[in-house]
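Chemist: Take this structure first; my questions come after.
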Amino acid sequence: MEHQLPLPLFNITDDFHIISRSMQAEEIFPLTENLLEIVDQDNVDKMKNCFITSNKKIEFEINLITNDSPLELFRAFATINGTKISCVFVPMGDQYDAVQKQLGELQDRLNDTNFELFQKKEKYARIVDQFNELSGPYIQLSEDLALLPVFGDLTERKILAIKDSAFKRVYRNQPERVLIDFTAVGNIEREGVRELKDMILVMEQMGIYVVMIGLSPQHAQALKPYRNELHLDFVHSAKVAIQKWLIEELR
Amino acid sequence: MIIYKNEDSFYKRVMLLMDTTNRAFVEALLAGDHARSLQIVTIRQGNCSRFEIYNELITPAMYDIGVMWQKNEITVADEHLATAVCDFVLTQTEFELLQQSASPYATPKAMFFTVEDEHHYLGLKMVSILFREKHWNVKYYQSNLPIDHVLKEVERWKPNVIGLSFSLAYRIDELTDYLKAFSKLEDKPEVLVGGRLIKNYDFSSIGPPQTTFIQDLDELQIWFNKDKQTRRDEFDGTSTTSSVV
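Protein chains in written order, with this note's numbering: chain A, 976 to 1226; chain B, 11 to 255.
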């Protein structure tokens, strides 16, 4: 009966000596005297350790050497009765291969999608930087007067993007006064103000007077803590500033 | 939003999220938890180099998972899932390097490949990323490449270093075939062989002279240091440099 079993079955002693085997076992595995001889050498310790137990029934995975392959994965089911052990091996290879292939494909897709997202994020960051640079154009109004209108919310990132080109242009043109126009500024972030303060200090050290124009009450409130530190002129609007310095200068 | 019935369970949850130990990483890999695994690596990236993360977190974690299979605590399916999640995490650690990839002609070049039916590829992938980090021009093939395909690509691309990994004991003869084929190449590339077998067997007799067997990432670091020294000597030794008297 056991011999006819449609799965490989081995009856062994507790030192793995083979007493009998099923027909399937004869067909699938090399005909060895000891079961350990068909166990992959890296798995021999696992095989031995699995049988060091007080349980009567055990179940484990093991790599075996078959007639067709030097390494094939099996699920083993064993019953232990004193020194006699019966062990059935169910091949697992094909099942895992299919799942592993699918898993690999999903993984590749996930990696690709993630990389695409990363690239999109980088692209977006570059666009934001470009946008920020364009949100603070430096305009030379006359030999002595320049205008720096700021558009949108005042953020640290925006000032960082603006100040680089502003410093270069200021250094090249050496105006006496720079008007920073806040008319088109929305919200002000604290980090943005700090960065603005640094930009203004650098301009002052370059010997340039900085005039803030077009401040709303909220803007004034946000800039108040830095008022004493910065030697700033404040003018109500661009109209007044242009009247005061540009038209006067041209006369 | 999760509302915790008492503060204890809230703190337990917070502690769990803050747990970036190797054990937590192993658990996340086995649970197939991509987000948590990546989070642990990202937190570690705050104060660890890529090498340290590979050597002290990822390698020990995958080693522990292998031991758990040996102890019959997990199945091969669990191992495969953990490998896939780990692969995902490794790919994330490579993204910023891929952004600054060298041109296909930049040198020095290193080519890495896994041999046919070899599923233990994470170690080789880490090595390839570390080469990329050191500004090598890297090609990494994770598909099943037959030896003649590998040789054709080597002859065409002419890498300075070829890296491969072996972990299956019954295929040692094949490794010898690969090494013999590389020894016949005109450009004599340096061959690096890694994989868990290196620790257990003495391969010194089978490799051609330009072959180095790398047991682990620490040995790779030693190789990098030697290579840096050699390249510096090459650079200093050219006639246009001031060190030549």
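Don't be surprised by glycine CBs; every beta carbon is placed ideally from N, CA and C.
1) Measuring CB atoms only, is the stretch 197-211 of chain B touching the stretch 1031-1038 of chain A, in the sense that at least three cross pairs come out at less than 8 Å?
2) With 7 Å as the threshold, decide whether the Cβ of residue 130 of chain B is near any Cβ in chain A.
3) Go ahead and label residue 236 of chain B buried or exposed: buried means 16 or more other beta carbons lie within 10 angstroms of its beta carbon, across all protein chains shown.
4) Can you check DSSP and say which residues form a bridge with residue 1062 of chain A?
5) Kindly indicate the opening and closing residues of the alpha helix (DSSP H) around residue 70 of chain B.
6) Starting from residue 97 of chain B, find everything on chain A with Cβ-Cβ shorter than 7 Å and list it in chain order.
7) Under the three-state reduction of DSSP, which class applies to residue 204 of chain B: helix, strand or coil?
8) Between which two residues does the beta strand (DSSP E) harbouring residue 119 of chain B extend?
9) Quick one: list the residues of chain B neighbouring residue 1071 of chain A, beta-carbon separation under 8 Å, in chain order.
10) Quick one: what does DSSP say residue 1206 of chain A is sitting in, helix, strand or coil?
11) With a threshold of 7 Å between beta-carbons, can residue 80 of chain B be considered close to chain A, or not?
12) Once DSSP output is grouped into helix, strand and coil, what is the label at residue 1121 of chain A?
13) Determine the extent of the beta strand (DSSP E) in which residue 918 of chain A is found, giving its start and end residues.
14) Looking at the C-beta of residue 1078 of chain A, does it have a partner C-beta in chain B at a distance below 7 Å?
15) Taking only runs of the alpha helix (DSSP H) that begin and end inside the stretch 159-239 of chain B, which ones reach a length of at least 4 residues, in chain order?
16) Between residue 1131 of chain A and the rest of its own chain, which residues show a CB-CB distance below 6 Å, the 5 nearest in sequence each way excluded?
17) Between the stretch 1121-1155 of chain A and chain B, which residues of the former have a C-beta closer than 9 Å to a C-beta of the latter?
18) Quick one: list the residues of chain B neighbouring residue 1074 of chain A, beta-carbon separation under 8 Å, in chain order.
19) If we ignore side chains and look at the alpha-carbon of each, how far apart do residue 1148 of chain A and residue 1104 of chain A end up?
20) Check residue 1042 of chain A in the structure and name its three-state DSSP category.
21) So, at 8 Å on beta carbons, what are the nonlocal neighbours of residue 187 of chain B in its own chain, with the 5 sequence-adjacent residues on each side left out?
22) Count Cβ pairs between the stretch 1059-1066 of chain A and the stretch 980-997 of chain A that sit closer than 8 Å; are there 3 or more?
23) Going straight from the alpha carbon of residue 137 of chain B to that of residue 68 of chain B, what length do you get?
24) Confirm, please, whether the CB-CB distance from residue 65 of chain B to residue 230 of chain B is below 7 Å.
25) Please report the distance separating the alpha-carbon of residue 1193 of chain A from that of residue 1210 of chain A.
26) Closer than 9 Å by beta-carbon distance: list the chain B residues that pair up with residue 1021 of chain A, in chain order.
27) Report the three-state DSSP secondary structure of residue 47 of chain B (helix, strand or coil).
28) With 16 as the cutoff for other CB atoms within 10 Å, does residue 180 of chain B come out buried or exposed?
29) Going along chain B in order, which residues have a C-beta closer than 8 Å to the C-beta of residue 1036 of chain A?
30) Taking the alpha-carbon of residue 1164 of chain A as reference, which of A:1025, A:1208, A:1195 and A:1154 has the nearest alpha-carbon?
31) Which chain A residues are close to residue 178 of chain B, counting only those with a beta carbon under 7 Å from its beta carbon?
32) Which residues, in chain order, does the stretch 171-199 of chain B contribute to contact with chain A at a C-beta distance below 7 Å?
33) Within 10 angstroms of the Cβ of residue 253 of chain B, are there 16 or more other Cβ atoms? Answer buried if so, exposed if not.
34) DSSP has residue 935 of chain A in a bridge; who is on the other side?
35) Determine the direct distance from the alpha carbon of residue 223 of chain B to that of residue 77 of chain B, and round the result to whole angstroms.
36) Can you find a CB in chain B that lies within less than 7 Å of the CB of residue 1025 of chain A?
Modeler: According to the structure shown:
1) no
2) no
3) exposed
4) A:985 and A:1053
5) 69-80
6) 1082
7) strand
8) 119-125
9) 86, 87 and 90
10) coil
11) yes
12) strand
13) Missing from the structure shown is residue 918 of chain A; chain A here goes from 976 to 1226 and no further.
14) yes
15) 182-193 and 207-210
16) 1166, 1167 and 1170
17) none
18) 87 and 90
19) 24 Å
20) coil
21) 157
22) yes
23) 12 Å
24) no
25) 16 Å
26) 79, 80, 81 and 82
27) helix
28) exposed
29) 79, 82, 85 and 86
30) A:1195
31) 1046
32) 178, 179 and 180
33) Reliability of the predicted coordinates at residue 253 of chain B is poor, the pLDDT of 38 falling under 50, and the value obtained from them is presented with this limitation in mind. So residue 253 of chain B counts as exposed.
34) The question about residue 935 of chain A has no answer, for chain A in this structure spans 976 to 1226.
35) 23 Å
36) yes
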